[in-house]
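Residue numbers (our numbering): -7 to 242. Take a look at the structure set out below.
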Amino acid sequence: LAFNAIERSVKQADKEIESIRSTYNKYLESVKEEKVPEVTVEEKSFKMIDTFDITTLDYIYNNKSSNGDYTSNFIEGLLTQDPHGALVAGMAEEWSHNEDASEWTFVIRDDAVWTTNEGEEYAPVTAADWEAGMKHAVATQAQTLSLVQGIIVGLQDYIDGTGDWEDVGIKADGNTLTYTLTDPCAYFDGMTTYSILYPVCEEFLESKGDDFGTVEPSSILYNGCYILSSLVPAQEVKFDANPNYYDAKN
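Rendered as structure tokens:
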């Protein structure tokens, strides 16, 4: 009797296993038949519902990570990071330093442009945009200015009002940007990913005046991979792919 009971249990288990196997095979077949939708430029957007209020789009002045989580999608610095955290080319396609790493040179890519929130090209990105960015940082007393004020030649004196901009170690010459530092700094390339060292289009900045960086999509220009296309405070934030981004295909 005990043997017969065991035999019946084994047969029942076999039936259950066969049912599971059949169900799994049907699932695999259904997956094979699914088609991956074609992605178009118009579809390269996403939106999120968020209860957080963005307090500023002035990415150079800002020190709040909650704001930076958004603006880091809109603005790209000299270098950026790949998915593994390694430094890779951003707005600069080439970079190098002297023997003791006290002078750094960056060559700005010639296919980088500033884009409006409506997706229209505004102006090329040039090395002078990094000079304008630092002048703006000083003028607004940016919240992270202390990160760089002591390491760039002449910057502290310029901030204190005892030095001229011509003596600051940030020089733009065409598409070449050079930083001269007070001391060797082997990790300065990594610092270029900080928003305090981000660029700004001086012409646009002057045209906006005090409205630059207000919580409106049109208050800034975009050189990164996304554009802020819609913003409803405490409700919806929508990003669209920047059609003029140099690496838009990826």
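Backbone N, C-alpha and C define an ideal beta-carbon position, used for all residues, glycine too. Quick caveat: nothing in here was measured; it's all calculated off a predicted structure.
**Message:** I need the straight-line Cα distance from THR47 to PRO191, nearest angstrom please.
**Reply:** 20 Å
**Request:** Taking all protein chains shown into account, decide if TYR186 is buried (16 or more other Cβ within 10 angstroms of its Cβ) or exposed.
**Result:** exposed
**Check whether PHE66 and ILE162 have beta carbons under 8 Å apart** = no
**Prompt:** Taking one C-beta from the region 101 to 117 and one from the region 232 to 242 each time, how about it: are there three or more such pairs within less than 8 Å?
**Reply:** yes
**Asked** Can you tell me whether HIS76 is buried or exposed, with buried defined as 16 or more other CB within 10 angstroms of its CB?
**Response** exposed
**Prompt:** For ILE143 versus LEU169, is the C-beta spacing smaller than 8 Å?
**Reply:** no
**Request:** Specify whether the region 44 to 64 and the region 133 to 142 touch according to this definition: at least 3 beta carbon pairs, one from each stretch, less than 8 Å apart.
**Result:** With three or more CB-CB distances shorter than 8 Å, the region 44 to 64 counts as touching the region 133 to 142.
**Prompt:** For ASP239, which of helix, strand or coil comes out of DSSP?
**Reply:** coil
**Request:** Apply the 10 Å Cβ neighbour rule to TYR179 and answer buried if 16 or more other Cβ atoms are within range, or exposed otherwise.
**Result:** It is exposed - the Cβ of TYR179 has fewer than 16 other Cβ atoms within 10 Å.
**Prompt:** Which ranges would you report for the beta strand (DSSP E) in the region 137 to 210 if only whole runs of at least 3 residues count?
**Reply:** 162 to 165, 168 to 172
**Prompt:** In whole angstroms, what is the alpha-carbon distance linking MET126 and ILE188?
**Reply:** 7 Å
**Message:** Can you give me the C-alpha to C-alpha distance between ASN242 and GLY182, rounded to a whole angstrom?
**Reply:** 23 Å
**Opposing strand residues paired with TRP122 [DSSP bridges]** = DSSP lists no partner for TRP122.
**Prompt:** From the DSSP output, which residues share a beta bridge with TYR214?
**Reply:** THR107
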